[in-house]
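K.L.:
Residue numbers (my numbering): 19 to 402.
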Ligand code: OSB
Ligand code: MG
């Protein structure tokens, strides 16, 4: 492994219009926001990362503003001039910042991309090089699509039909109290054989157990994160009351969280978002724990730009990822992304891992600059 020396890190806060916003139980992001991290090595290699943070707190407590502040004043200065022998040193060097996993993951991802490019490897192969030989990249990610809360069941059925026609073979529906049992019933009646799952984004409490039991009759693949975003214990009390497997998202922020959730019976399936656990070093640890316990695993998404999407597709191509992922084609999110080429859905509901070194897609500088200008134009959440 050739080491890298970090010469410079540039932070690009971006705003990009969504084709279709995603309404969840915690709200709706008005536009795609992120901090795109550009890391330049002493050899002139550029690594790209994405802190998948929203303009407002919602899915997590971090925002574009908090991430920018912490990166600019605390993370970037501690990294400039440092030589790293391998990508895992990125996690170690960022460890002094507690919590703030998406912020750390943005920088850590750029370190992984820089290592892959410096060592003339695809990111997917670099990830696999830290796993046993039978975990080589499959070169594609099996994917589905996440559908937000709609005005009616009929509108939801129409969107599902459109997504199935496009070739997505697994449908995830966002739910919230008042938008759950009737939705599942209507959608299941319209699509008796489709792989359907629900995602509550922490909208229920353990007192809702009786209510949630009604979902068991609809043959759902799983219910994602029904209870509190920081809870494991109450999920362990809910799971034995449900036939539908509980998938944890928000609650698993580290490999240790996953060990605990498995130990107490709080989890049947894991949605692993590399961003949520602080980056790819920790994501590889989480992956190993899931494989060791034969826990079904898939890779989630944070509506990433092409930078984060390429990284997630690379990770999702590892064979321990056993269920369809929340990583859809570029055109489901944006008319124009900041990277080229776009990710296009294959006929078998997969996205292909690009062939180039590192993330394997190119950041189009003019589009990045335009997206940064858009961030500063919206100006209702000043950063600094
Ligand atoms: O809970 O999985 C979630 C998007 C933003 C925040 C949280 C979630 C999501 C998604 C979308 O479900 C997944 C994607 O298509 O990127
Ligand atoms: Mg989720």
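Yeah, the Cβ is synthetic: ideal placement off N, Cα and C, and Gly gets one too.
Since we're looking at a predicted model, the values are computed, not measured.
1) For the beta strand (DSSP E) containing residue 387, name the first residue and the last one.
2) When every heavy atom of the ligand OSB is checked, does at least one fall within less than 7 Å of the C-beta of residue 77?
3) What span of residues does the beta strand (DSSP E) with residue 33 cover, start to end?
4) For the candidate residues 74, 318, 302 and 387, whose alpha-carbon lies nearest to that of residue 159?
5) Which one of 297, 259 and 308 has the shortest CA to CA distance from residue 278?
6) Tell me which residues pass a beta-carbon proximity test against the ligand MG: closer than 7 Å to any heavy atom, given in chain order.
7) Pop quiz: residue 190 and residue 165 are said to be a contact at Cβ under 8 Å. What is the actual Cβ separation, rounded to whole angstroms?
8) Near residue 401, which residues of its chain fall below 8 Å by C-beta distance, leaving aside the five closest residues on each side in sequence?
9) Tell me whether residue 323 is buried or exposed, calling it buried when 16 or more other Cβ atoms sit within 10 Å of its Cβ.
10) Roughly how many angstroms separate the alpha carbons of residue 29 and residue 97, rounded to a whole number?
11) Using beta-carbon positions only, say whether residue 398 and residue 36 come within less than 8 Å of one another.
12) Should residue 387 be labelled buried (16 or more other beta-carbon atoms within 10 Å of its own) or exposed?
13) In whole angstroms, give me the CA-to-CA distance for residue 226 and residue 175.
14) May I ask which residues mark the beginning and end of the beta strand (DSSP E) holding residue 201?
15) Buried or exposed: residue 261, going by 16 or more other Cβ atoms within 10 Å of its Cβ?
16) Please state the DSSP three-state secondary structure of residue 116.
17) Should residue 8 go down as buried or exposed, given a rule of 16 or more other Cβ atoms within 10 Å for buried?
18) Quick one: Cα of residue 58 to Cα of residue 132, how far?
19) Contact between the region 211 to 224 and the region 233 to 247 is defined here as three or more beta-carbon pairs at a separation below 8 Å; is this criterion met?
20) Please classify residue 20: is it buried, with 16 or more other beta-carbons within 10 angstroms of its beta-carbon, or exposed?
21) Can you check the region 93 to 150 for any beta strand (DSSP E) of at least 3 residues that lies completely inside it and give the ranges in chain order?
22) Closer than 7 Å to a non-hydrogen atom of the ligand OSB - does that hold for the CB of residue 346?
23) Helix, strand or coil for residue 190? Go by DSSP, reduced to three states.
24) Among the candidates 286, 320 and 353, whose CA atom is the shortest distance from the CA of residue 40?
25) Go through its chain and collect everything with a Cβ distance to residue 194's Cβ below 6 Å, but skip five positions before and after it.
26) Within the same chain, show all residues whose beta-carbon is closer than 6 Å to that of residue 204, passing over the 5 residues directly before and after it, in chain order.
27) Could you check if residue 40 belongs to the surroundings of the ligand OSB, using beta carbon to heavy atom distance under 7 Å?
28) Measuring only from the beta carbon, is residue 321 closer than 7 Å to any heavy atom that is part of the ligand OSB?
29) Using the Cβ count rule (16 or more neighbours within 10 Å means buried), how would you classify residue 362?
30) Leaving out the 5 sequence neighbours to the left and right, which residues in its chain are closer than 7 Å to residue 45 when beta-carbon positions are compared?
31) Using the beta-carbon count (16 or more within 10 Å), is residue 228 buried or exposed?
32) Smallest Cα separation from residue 185: which of 357, 342 and 63?
33) Name the residue from 110, 23, 130 and 78 whose alpha carbon lies nearest to the alpha carbon of residue 378.
34) Taking the alpha helix (DSSP H) that residue 330 belongs to, which residues open and close that run?
35) Nearest by alpha-carbon distance to residue 63: which of 50, 69, 24 and 47 is it?
36) Among 55, 78, 331 and 259, whose alpha-carbon lies nearest the alpha-carbon of residue 248?
P.N.:
Let me spell this out:
1) Segment 383 to 396 is the alpha helix (DSSP H) holding residue 387; no beta strand (DSSP E) there.
2) yes
3) 22 to 34
4) 318
5) 308
6) Qualifying residues, in the order they occur: 217, 219, 242, 243, 267, 268, 289 and 318.
7) At roughly 7 Å, the Cβ-Cβ gap stays under 8 Å, so residue 190 and residue 165 are in contact.
8) 31, 82, 83, 86 and 87
9) buried
10) 14 Å
11) no
12) By the 10 Å Cβ count, residue 387 comes out exposed.
13) 26 Å
14) Unbroken run through residue 201 is the alpha helix (DSSP H), 199 to 208; no beta strand (DSSP E).
15) exposed
16) Residue 116 falls in the coil class under three-state DSSP.
17) What is shown of the chain runs 19 to 402, which leaves residue 8 out entirely.
18) 8 Å
19) Between the region 211 to 224 and the region 233 to 247, the count of C-beta pairs closer than 8 Å reaches three or more; the two stretches touch.
20) Around the C-beta of residue 20, fewer than 16 other C-beta atoms lie within 10 Å, and the residue is accordingly described as exposed.
21) For the region 93 to 150, not a single whole beta strand (DSSP E) run of length 3 or above is found.
22) With a cutoff of 7 Å, residue 346 counts as near the ligand OSB, since its C-beta is closer than that to a heavy atom of the ligand.
23) strand
24) Nearest of 286, 320 and 353 to residue 40, Cα basis: 320.
25) These residues qualify, in order along the chain: 43 and 221.
26) 171
27) yes
28) Yes.
29) exposed
30) Here the set comprises 76.
31) exposed
32) 342
33) 130
34) In this chain, the alpha helix (DSSP H) harbouring residue 330 covers 324 to 334.
35) 24
36) Minimum Cα distance to residue 248 is reached at 78.
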